[in-house]
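Protein chains in written order, with the numbering used here: chain A, 9 to 205; chain P, 9 to 205. Where a beta carbon is used, it is the ideal one built from N, C-alpha and C, also for glycine. So the structure is just underneath, and the comments pick up after that.
There are 2 protein chains.
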Amino acid sequence: MPKKSKKNAIIDTATILFATKGFTNTSMTEVASLTDIAGATIFYHFKTKEELFISVLENVKTGLIQAFSLYFQEEHFPSGLERLLGAIAYHLHLAETKKEWFLLLRRHYTHELAAVNPVCRQHLEVVYTCLVEIFEKALTIGQQDGSIGPLSPKKTALVILAMVDGIIQLENNNLYNAGTLYSELLASCRRMVENKQ
Amino acid sequence: MPKKSKKNAIIDTATILFATKGFTNTSMTEVASLTDIAGATIFYHFKTKEELFISVLENVKTGLIQAFSLYFQEEHFPSGLERLLGAIAYHLHLAETKKEWFLLLRRHYTHELAAVNPVCRQHLEVVYTCLVEIFEKALTIGQQDGSIGPLSPKKTALVILAMVDGIIQLENNNLYNAGTLYSELLASCRRMVENKQ
DNA sequence: GTACTAACTGATTGATCAGTCAGTTTCGGA
DNA sequence: TCCGAAACTGACTGATCAATCAGTTAGTAC
Chain A
9 MPKKSKKNAI IDTATILFAT KGFTNTSMTE VASLTDIAGA TIFYHFKTKE
59 ELFISVLENV KTGLIQAFSL YFQEEHFPSG LERLLGAIAY HLHLAETKKE
109 WFLLLRRHYT HELAAVNPVC RQHLEVVYTC LVEIFEKALT IGQQDGSIGP
159 LSPKKTALVI LAMVDGIIQL ENNNLYNAGT LYSELLASCR RMVENKQ
Chain P
9 MPKKSKKNAI IDTATILFAT KGFTNTSMTE VASLTDIAGA TIFYHFKTKE
59 ELFISVLENV KTGLIQAFSL YFQEEHFPSG LERLLGAIAY HLHLAETKKE
109 WFLLLRRHYT HELAAVNPVC RQHLEVVYTC LVEIFEKALT IGQQDGSIGP
159 LSPKKTALVI LAMVDGIIQL ENNNLYNAGT LYSELLASCR RMVENKQ
């Protein structure tokens, strides 16, 4: 028996299932069997399916924040512009290595629940605020060092987030061949924000 | 009794329900009762729930294509750049007046079904191709008249679609106050593509 | 009116699923 | 070794829902 409680195993399984199949299409029985656990065990750890979902979301939240804080601890950039492009690239990178996280965040159920459940809303807001502030900070730094032109850092950060998110979604839905858009996105962002005199 | 068949009424109701609540969370009983119809009537017109969904999607497809073709029939632009910005603005406008269409197109079920059902995939591809080509054409025109800089029209069109889509999604999820981002998006796109010498 | 078909319906079925419950197993501490 | 609590389980329940079916009604042609 490993030290790791079954509770964490349940969360891990549920993360993948909720992310790929959605909330309603994931049955507790399925989560249980993929975790090698009896169905009722989940209800010992989580009162309801919704409570399990919130735990999954919270787990994604902390994971995401930690990943970004680690990235900026290790990387350093010559300019705000480079910092911005680095952040975007890392965002895209995470969206590949931790696909479930981003799928879960973009699931409709997540936002529907957030409109009704304050805890869920709180987690979601923290995540989005974190993501926006990363871009915002880079833009502000870039304006100070002259690498980025005159624009509203807050609003531009939101537009960039929308862009990155939109690209991730386009690639996930693979109506078009993926991968090639990453470099195009970076180039477009550079053209969009850089200081040109 | 109106001439308009109940079949169309069913599609209209289903469009809104599928768009706002999703496929699995919409019950046929609900569609029926909101259409003032017996539950079994739907199954007379549509063999399965999935077939109803496909009809809804097809309806959205034709509506969307018609709306854009009408727009470009009536509007004319001084430059490719202005045409692009007009297209983006109209896209955003449609996303407000015909919210169900865009919600439906972005539903996860739509893309999951497209991966499995060729008819669904066909409809989706037509819609996306249409949307991309609108931007692509404007970019190409702009490069000829000199209003738009040297860039790949195809790839840039995809990036712009992702951007617009991302903004629409951000506003729908209203974690941030909406509306204000539209003008920011247009300004950002202009900075991104315009020819600067 | 009659005959035929298309449109429509109420009652039902079988499957699925979240959640409950009464119980068993596991395990750390005294 | 024994106790008590925490962890876990199998069997069950009530509700929901897509789909079916045997039928009734509306419309149309002659």
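Put simply, of A:Asn203, A:Val172, A:Gly30 and A:Thr164 the residue whose alpha carbon is nearest the alpha carbon of Ala103 (chain A) is A:Val172. No residue range can be given for Ile156 (chain A), since it is assigned to no alpha helix (DSSP H) and is classified by DSSP as neither H nor E. In the displayed model, Glu58 (chain P) falls within a helix according to three-state DSSP. Within the region 15–30 of chain P, those residues whose Cβ lies closer than 7 Å to any Cβ of chain A are, in chain order, Gly30. Using beta-carbon distances, Ser196 (chain P) counts as an interface residue toward chain A, with a partner under 8 Å. What Thr34 (chain A) touches in chain P, judged by beta-carbon distance under 8 Å, is nothing: the nearest beta carbon there is about 11 Å away.
Residues of the region 129–161 of chain P with a C-beta atom less than 9 Å from some C-beta of chain A are Arg129, Leu132, Glu133, Tyr136, Thr137, Val140, Gly157, Leu159 and Ser160, listed in chain order.
Glu179 (chain P) counts as buried, since at least 16 other C-beta atoms from the protein chains shown sit within 10 angstroms of its C-beta. Sequence-distant partners of Asn125 (chain A) (beyond 5 residues in either direction) whose C-beta falls short of 8 Å from its own C-beta, in its chain, are Glu58 and Ile62. DSSP places Gly88 (chain P) inside the alpha helix (DSSP H), whose first and last residues are Gly88 to Thr105.
Comparing C-alpha distances from Lys69 (chain P) to each of P:Gly174, P:Val135, P:Val140 and P:Ala146 shows the shortest one belongs to P:Val135.
Rounded to the nearest whole angstrom, the CA to CA distance from Leu121 (chain A) to Thr28 (chain P) is 13 Å.
About 5 Å separates the beta carbons of Thr21 (chain P) and Leu42 (chain P), which is inside the 8 Å limit, making them a contact pair. Shortest Cα-Cα distance from Thr148 (chain A) to any of A:Arg91, A:Phe51 and A:Lys204 involves A:Arg91. Counted as a single uninterrupted DSSP element, the alpha helix (DSSP H) harbouring Phe26 (chain A) occupies residues Lys14 to Lys29. For a Cβ distance threshold of 7 Å, nothing in chain A lies close to Ile96 (chain P): the least Cβ distance comes to about 12 Å.
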